[in-house]
Each structure stands twice: as C-alpha cells, then as structure tokens.
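Participant:
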Amino acid sequence: MRLTTDCNPLNATCPADPALGTSHTFIFNDTQPEGVFKTTAGTVDFDAEKGAVFTINKRGESPTLISNFYFFWGKTEVILKAAPGQGIVSSIVWMSDLLDEVDWEFLGGKPENASTNYFGKARQDFRNAGYHPVEGGVQDDYHNYTSIWTKDKLDWYIDGELIRTLLPEDANSTNNYPQTPMQLSLGIWAGGDPSLPQGTIDWAGGPTDFDAGPYTMYVKSARVEDYSTGKEYSYGDHSGSWESIKITE
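Number 220 in the UniProt record's numbering belongs to position 220 of the sequence shown; there are no gaps in the numbering.
#1: Just list the residues that DSSP pairs D47 with in beta bridges.
#2: Excluding sequence positions up to five away, which residues of its chain have a Cβ less than 8 Å from the Cβ of E112?
#3: Roughly how many angstroms separate the alpha carbons of Q124 and D30, rounded to a whole number?
#4: Buried or exposed: P168, going by 16 or more other Cβ atoms within 10 Å of its Cβ?
#5: Between the Cα of Y177 and the Cα atoms of K121, T229 and V224, which residue gives the shortest distance?
#6: Decide if L162 is buried, meaning its Cβ has at least 16 other Cβ atoms within 10 Å, or exposed.
#7: To which residues of the same chain is W156 closer than 6 Å at the C-beta, ignoring the five residues directly before and after it?
#8: Compare the C-alpha of G85 against each of I158, G42 and F210 and name the closest.
#9: Write down every uninterrupted run of the beta strand (DSSP E) in the stretch 127-151 whose length is 3 residues or greater and which is fully enclosed by it, in chain order.
#10: Please return the same chain residues whose Cβ sits closer than 6 Å to the Cβ of T55, not counting the five positions on each side in sequence.
#11: Measuring alpha carbon to alpha carbon, tell me which of G191, L65, H24 and N8 ends up nearest Q32.
#12: Please list, in chain order, all residues of the same chain as S228 whose beta carbon is under 6 Å from its beta carbon, the five residues on each side excluded.
#13: What is the DSSP secondary structure of G199, reduced to helix, strand or coil?
#14: Considering Cα atoms alone, identify which of Y145, N172, A114 and D193 is closest to A222.
#15: For the putative contact between residue 331 and P9, defined by C-beta atoms under 8 Å, what is the C-beta separation to the nearest angstrom?
#16: With 16 other CB atoms within 10 Å as the buried threshold, where does T13 fall?
#17: Identify which residue in P15, T5 and D6 has its Cα closest to the Cα of Y235.
#18: Please work out which residues of its chain come closer than 7 Å, Cβ to Cβ, to K231, disregarding the five sequence neighbours upstream and downstream, and give them in chain order.
#19: Could you name the residues of the same chain whose beta carbon sits closer than 7 Å to that of T43, not counting the 5 residues immediately before and after it, in chain order?
#20: Which class does E63 belong to by DSSP, given the choice of helix, strand or coil?
#21: Check whether the Cβ atoms of Y142 and K75 lie closer than 8 Å to each other.
#22: Return the CA-CA distance between Y131 and I88, expressed in angstroms with no decimal places.
#23: Roughly how far, in whole angstroms, is the beta-carbon of W242 from the beta-carbon of T180, given that I think they are within contact range, below 8 Å?
Here's what the structure looks like:
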C-alpha cells in the first residue's frame, strides 16, 4: 500500500481530480494510450501480442502505469498474467487521494493464488487480505480480474466468478470502506527487496534474487467504468466520506 499522497483531503484543501466520467476499454498493444496513463519507477513496453510489459531487470525498478483520471464508484476489468519470482509482487491497485485502496496482488512465490485486500484512509490492517485459488495458476496464462464498487458493496471476480464481497458495515463500521474517487494503478514491485521492512519481505514470500531475473508481468487490457458522469471530483470537507464528494458536471 502507498503511504503518501501529493495532497491529502483529510487535512488540506486539494485541487479537483479529473474524472473519467464514462466507460472505456484500454487495449495495450503497440503503444501506450496517449495522455491517459503516466509511467513511474521504470519503463513499460508494449507488445502487439502480450500487451503492456512490466519488467524488473534490476533492484530498484518497479514499473507502474497510473491513470491520470479518477473514477467514483465503478468497475475495472483487467486481463493480466502475473510475474514469477520469490518476493515479486504483480498488482492491480485503486488508490484515492486520501489513501483509500482496493487491491489485487499476485505473489511470485505463490503461483496458484490471487490475493485481494482493501484499506481505508491508509489504515494498515493486513488481516483483511483474502487468498483465492486460480484454476491453472496466475503465471502461465492471462485471467480476468474484475472489481465492482458501489456505496453498498465491493465485489471481486476471477474469470467471471464472484470470489469475495465486502460490505461497508464489515469494514470497521464503514470507516475503512473505500469510498472516495480512485485512480487505477498497474504495476510490479519487489516486496523482497532487502531494503524493505522484514515484515514486508516475509509477506512477499522472502528475499528476491535479482540475479535470477528478469521478472515480467503482462497486461493485455483494462476496462474502466466510471459510475459517475462528471468532469471533476472534489472534496467538500475533511471527513473522507463519500457523501462529501462533489461532482462537477
């Protein structure tokens, strides 16, 4: 989970966030969709057959695509093949300005499972993680990882099968329920990097052998549906509640 943000609406008045305001399927083939995603912490390549190619060649790399847009309630459908490697983490992450978060994570040392998790306002509680077997494993083929999010519930699906539901009342009496406009992030990182806390290394499955790489994750496409239709999202107060979000049409 990310622990910093450029401007946190819980304690500051922040600029409005640009809304997707529609639905779109982003096909990652020969080129990166122009002006839609930014690349951080490395290089993302594009292949007509394999899609977006996220590779860790050496220590310190964690190539990531982050959307320039936000969505407020909605759905993402990502076609992904996870990377192998002890300590390597492939991920699909939603993140808001105040650090609400919804995750899919794939640990390189656990090729048979996908992991789901959520966080509210950067409150760290890894006990909320769920681990879900994936037929055929997550590293040998592409699978469809879908999340559907409303104010009433959050559902996770693998290849069209519902595997987890979160209700707001089950998320610390709604306080930890993700409920603010999200960016979509797709990326790979080394949770087994020796510079990280031991707890992170243990969670990721142990230290990463960077000499045994490279380690590569692939994403063919990402469909994003914004259930709101505005142009911008802004925070009306510092509460962090969905009711405080203002939609500029």
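We put the beta carbon where it would ideally sit given N, CA and C, even for glycine.
Predicted, not measured: the structure shown is a model, and the values here were computed from it.
Facilitator: Checking against the coordinates, here is how it stands:
#1: Numbered from its first residue, the sequence shown carries residue 47 at position 47. Bridge partners of D47: G51.
#2: Within the sequence shown, numbered from 1, the residue matching residue 112 stands at position 112. Closer than 8 Å at the Cβ level, and outside the excluded window around E112, lie P133, V134, G137 and V138.
#3: Indexing the sequence shown from 1 puts residue 124 at position 124. Indexing the sequence shown from 1 puts residue 30 at position 30. About 38 Å.
#4: Your numbering for residue 168 matches position 168 in the sequence shown. P168 should be labelled buried.
#5: The residue you call residue 177 lines up with position 177 of the sequence shown. The shortest Cα separation from Y177 among K121, T229 and V224 belongs to K121.
#6: Here residue 162 refers to the residue found at position 162 of the sequence shown. Exposed, by the Cβ-count rule.
#7: Numbered from its first residue, the sequence shown carries residue 156 at position 156. Counting only Cβ-Cβ distances below 6 Å, and skipping sequence neighbours, we find T116, S147, I163 and R164.
#8: Residue 85 sits at position 85 when you count from the first residue of the sequence shown. Checking every option, the nearest Cα to that of G85 belongs to F210.
#9: Here the runs fully enclosed are 130-133 and 143-149.
#10: The residue labelled residue 55 in the question sits at position 55 within the sequence shown. Only P214 and T216 meet the Cβ criterion.
#11: To locate residue 32, count along the sequence shown from 1; it is residue 32. The residue with the shortest Cα to Cα distance from Q32 is L65.
#12: Counting from 1 along the sequence shown, the entry for residue 228 is found at position 228. Counting only Cβ-Cβ distances below 6 Å, and skipping sequence neighbours, we find F72 and I247.
#13: Counting from one through the sequence shown, the residue named residue 199 turns up at place 199. Looking at G199 - three-state DSSP - the assignment turns out to be helix.
#14: Along the sequence shown, read from residue 1 onward, the residue named residue 222 stands at position 222. From the listed residues Y145, N172, A114 and D193, the smallest Cα separation to A222 is found for Y145.
#15: There is no way to answer for residue 331, as the model of the chain reaches only from 1 to 249.
#16: As a working note, residue 13 is residue 13 in the sequence shown. Burial state of T13 is exposed, judged by a 10 Å Cβ sphere holding fewer than 16 other Cβ atoms.
#17: Along the sequence shown, one-based indexing puts residue 235 at 235. Here the closest residue by C-alpha is P15.
#18: Position 231 of the sequence shown, counted from the first residue, corresponds to residue 231. Contacts found: A19, G21, T248 and E249.
#19: Indexing the sequence shown from 1 puts residue 43 at position 43. Excluding residues within five positions, the ones whose Cβ falls inside 7 Å are P63.
#20: Here residue 63 refers to the residue found at position 63 of the sequence shown. First, the amino acid is wrong: residue 63 is Pro here, not Glu. Look at P63 here: in three-state DSSP terms it is coil, with no helix or strand label.
#21: Here residue 142 refers to the residue found at position 142 of the sequence shown. Here residue 75 refers to the residue found at position 75 of the sequence shown. Contact: no.
#22: For this step, residue 131 is matched to residue 131 along the sequence shown. For this step, residue 88 is matched to residue 88 along the sequence shown. Near 16 Å, if we compare the C-alpha coordinates of I88 and Y131.
#23: Locating residue 242 in the sequence shown gives position 242, counting from the first residue. Locating residue 180 in the sequence shown gives position 180, counting from the first residue. That pair is a contact at about 7 Å.
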